[in-house]
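Input: a single structure, listed below in structure tokens.
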Amino acid sequence: MNTIEKRFRVNRGLIGFLKFIIEAYEGMATVTTRNARTGEISIFVAPGCESDMDALIQELGKSIFIQPMALNQETGNQSQP
């Protein structure tokens, strides 16, 4: 199964909280910390769950800092705003 990677910058103190919230939606996505010092995370979204994840991120963004980041060129993925 191919997942879709989306990268974000968040308040580093909230990485654990975000991981808990996002992964509570069983099978929708997993969260990986890319750089704990700068608050960079990757969210790997299961196929077919993109719109649900976008809605969740938008809702979370109303109460916490969560900034989309472009993916690195070497991953071969498109950037996700």
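First residue of the sequence shown? That's 4 in my numbering, and the numbers climb one at a time after it. Note that the Cβ used here is the ideal one computed from N, Cα and C, for glycine as well. Every value quoted in this text rests on a predicted model; they were computed, and no experiment measured them.
Among Ser54, Val48, Ile18, nearest to Ile67 - alpha-carbon criterion: Answer by Cα proximity: Ile18.
For Ala32, the residue or residues it bridges with in DSSP: Bridge partners of Ala32: Val48.
Minimum Cβ-Cβ distance from Leu63 to chain D less than 8 Å: This model lacks chain D altogether; it includes just one protein chain.
Neighbour-count burial assignment, Ala32, 16 or more Cβ in a 10 Å radius: Ala32 counts as buried, since no fewer than 16 other beta carbons sit within 10 angstroms of its beta carbon.
Cys52 versus Ser45: straight-line alpha-carbon distance, rounded: If I take the Cα positions, the gap works out to 15 Å.
C-beta contact flag for Val13 and Ile60 at 8 Å: In this structure, Ile60 does not lie closer than 8 Å to Val13 by Cβ.
Three-way DSSP call (helix, strand, coil) for Lys65 in this model: Under the three-state reduction of DSSP output, Lys65 falls in the coil class, being neither helix nor strand.
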